[in-house]
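Colleague: Just dropping this structure here.
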Amino acid sequence: MASMVPYDRYERALRRSWPFGGFLDDDFFAPLAAVDGDAAFKMNVEDQDDKYVVTAHLAGVKKDEIDVELNEGRLSISVDKKESDEEKGKNYLHKETGEWSATRGVFLKDAATTGITGKLEGGVLTVNVPKQSEKANVTKVSID
Numbered sequence: 034m035a036s037m038v039p040y041d042r043y044e045r046a047l048r049r050s051w052p053f054g055g056f057l058d059d060d061f062f063a064p065l066a067a068v069d070g071d072a073a074f075k076m077n078v079e080d081q082d083d084k085y086v087v088t089a090h091l092a093g094v095k096k097d098e099i100d101v102e103l104n105e106g107r108l109s110i111s112v113d114k115k116e117s118d119e120e121k122g123k124n125y126l127h128k129e130t131g132e133w134s135a136t137r138g139v140f141l142k143d144a145a146t147t148g149i150t151g152k153l154e155g156g157v158l159t160v161n162v163p164k165q166s167e168k169a170n171v172t173k174v175s176i177d
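Numbered according to this note's numbering, the sequence shown spans residues 34 to 177.
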């Protein structure tokens with residue numbers, strides 16, 4: 034039991050037990066971190082009284098590279114970031130930005146399909162989704 038490592042500390046334990054000691058750096062585990070979607074973009078969902086406010090942090094992304102869709106209560110934000118022709122022509126020695134795509138979504142149980150607004154300002158996308166007061170497809174059944 035003493036040799037068991039909690040899952041959230043597995044990376045650190047693996048690095049410590051590696052045969053070459055400090056040979057590995059944090060970049061070695063970057064592909065593993067991207068698997069859980071954390072590396073895509075950060076998103077917050079706030080439940081206000083009459084609406085939901087969804088914010089997504091999309092630094093360096095243009096408005097035409099973003100797609101927002103509400104489908105049966107699921108709000109999806111998709112980003113397809115492309116490099117411009119100007120960027121492709123440069124001779125980089127080291128480059129950490131590039132083309133990428135990601136989709137994040139959240140289920141909003143009582144989201145209205147009308148009145149949704151979105152705004153991209155300062156690298157932050159804000160989507161306001163009004164709530165509907167009563168679901169149209171829910172029927173109350175009286176029991177005899």
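Positions of the beta carbon are idealized from the N, C-alpha and C atoms, including for glycine.
Note that the structure is a prediction, hence the values are computed from the model and not measured.
1) I believe S134 touches K114 by the beta-carbon criterion, under 8 Å. Please report the beta-carbon distance rounded to the nearest angstrom.
2) Can you name the residues that DSSP bridges to G151?
3) Go through its chain and collect everything with a Cβ distance to K75's Cβ below 8 Å, but skip five positions before and after it.
4) Using 9 Å as the threshold, is the C-beta distance between E116 and E132 below it?
5) Less than 6 Å between C-beta atoms, sequence neighbours within five positions excluded: which residues of the same chain meet that for T150?
Modeller: According to the data block:
1) 7 Å
2) V160
3) A89 and H90
4) yes
5) N161
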